[in-house]
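As structure tokens, the structure follows; a few thoughts come after it.
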Amino acid sequence: DLWGPLVLCVSLALMLQGGSADSKDDGGPQFAEVFVIIWFGAVVITLNSKLLGGTISFFQSLCVLGYCVMPLTMAMLVCRLVLLAGAGTVSFIIRLIVVGAMFAWSTLASTAFLADSQPPNRKALVVYPIFLFYFVISWMILTFTPQ
Amino acid sequence: RHPLATFFHLFFRVSAIVTYLFCDWFSNSFVACFVTILLLLSFDFWSVKNVTGRLLVGLRWWNQIDEDGKSHWVFEAKRVPTIAASTEAEARIFWLGLIICPVIWTMFFFSTLFSLKLKWLALVIAGISLQTANLYGYIHCKLGGPKTISRVTSRLFGTTDVPKRQSRRIAEDGTEDHGKTGTR
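Protein sequence lines correspond, in order, to chains A and B. Residue 40 in the numbering used here sits at position 23 of the first sequence, and the numbers go up by one each step. Residue 338 in the numbering used here sits at position 81 of the second sequence, and the numbers go up by one each step.
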């Protein structure tokens, strides 16, 4: 099932576009960028976990990683709403807390699936790319400033 | 015999290609075009894989995962006793649509690459992957060969659960232990 991840990815990319870059660009390249980061990142994590001897299937792993983007998509929604109210320090702190919590949720949820399919001495090797993946997405969300 | 299936088999693929070619006429927004084409490609993939292949040429393929996490790719073909003229026409439309569109998307790939409009590259690659996946799956079904011959009852096509009954199937084991992916 890759429909869910597709919808989440498209929503996240839509909300992330038109950020602090050129406004005459209509955020086009950024949209494609977010897309590529999410899908290519998920593929690389899956390949990494399979090369380390994981027992989860390729598309299952993509599905899990895609669905675990959901907390971050919700965080993006909240951030956009908070930014409508203002862009000061208070708003930043709120956004930081929300994004941080959702990032932790995403990482823990996907780790629960993907690390278990690994032999015990390899778990950290699998968890680190997942951590990095969601960290990058969270970073994009947190540093988003509307035009 | 299946006019709706035939229509939709071609509709999504052709719409995706047409939208890609003429997106500048429809809308100024890159994002709108990107999302539209992506959705059309996804609908096309789903409908060709799950519906039109089954109805138009009696082939189907899927991936199933055992309890112990091993994934198998299964390719099945329906054994038809007679070929009616309408079925032949439908089959021809099916295969033409299936083969020509990935070729067109590959041409788009090269044209995008050489004209350096790289922001479209992700979309073109997605298009090629989705269409080629269906092409590969169905060719595999078709060329499975008359190795195991059994009858497939029409009731089987009502469900995509694991069929315990006989059917002509070419099961592929994509076991994970040699580090390769379960896909082919």
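Backbone N, C-alpha and C define an ideal beta-carbon position, used for all residues, glycine too. Bear in mind the structure is a predicted one, so any value in this text is a computation, not a measurement.
Asked                                                                                                                                                                                                         : Found
If we cut at 7 Å on Cβ distances, does A379 (chain B) have a partner in chain A?                                                                                                                              : yes
Would you grab the beta carbon distance between C398 (chain B) and F300 (chain B) for me? Rounded to a whole angstrom, and I think it's under 8 Å.                                                            : Not confirmed; about 21 Å, so no contact.
Identify the continuous alpha helix (DSSP H) that holds L23 (chain A) and give its terminal residues.                                                                                                         : 20 to 33
Does the stretch 302 to 309 of chain B come into contact with the stretch 122 to 137 of chain A, if we say contact requires no fewer than three beta-carbon pairs (one atom in each stretch) closer than 8 Å? : no
Which residues in the same chain have their Cβ closer than 6 Å to the Cβ of L312 (chain B), if we skip the five residues on either side of it in sequence?                                                    : H259, A262
For S386 (chain B) and chain A, any beta-carbon pair shorter than 7 Å?                                                                                                                                        : no
Between the stretch 272 to 291 of chain B and chain A, which residues of the former have CB atoms less than 8 Å from a CB of the latter, in chain order?                                                      : N285, S286, F287, V288, F291
My output table needs one value for V144 (chain A): the three-state DSSP class, helix, strand or coil.                                                                                                        : helix
Using only the alpha-carbon positions, how far apart do L142 (chain A) and G315 (chain B) sit?                                                                                                                : 45 Å
For W473 (chain B) versus T369 (chain B), is the C-beta distance shorter than 7 Å?                                                                                                                            : The structure shown does not extend to residue 473 (chain B), since chain B is modelled only from 258 to 441, so the question has no answer here.
Need the endpoints of the alpha helix (DSSP H) that T389 (chain B) sits in, please.                                                                                                                           : 378 to 399
One question on the structure: do T90 (chain A) and S28 (chain A) come within less than 7 Å of each other, judged by their Cβ atoms?                                                                          : yes
In the structure shown, what three-state DSSP assignment does N285 (chain B) receive?                                                                                                                         : coil
Pick helix, strand or coil for L69 (chain A), following the three-state DSSP scheme.                                                                                                                          : coil
Hey, I62 (chain A) and I147 (chain A) are a contact pair by Cβ (cut 8 Å); roughly how many whole angstroms apart?                                                                                             : 6 Å
Taking C-alpha atoms, which residue in B:I385, B:A379, B:Y395 lies nearest to V53 (chain A)?                                                                                                                  : B:A379
What do you get for L387 (chain B), buried or exposed, if any count of 16 or more other CB atoms within 10 angstroms of its CB means buried?                                                                  : buried
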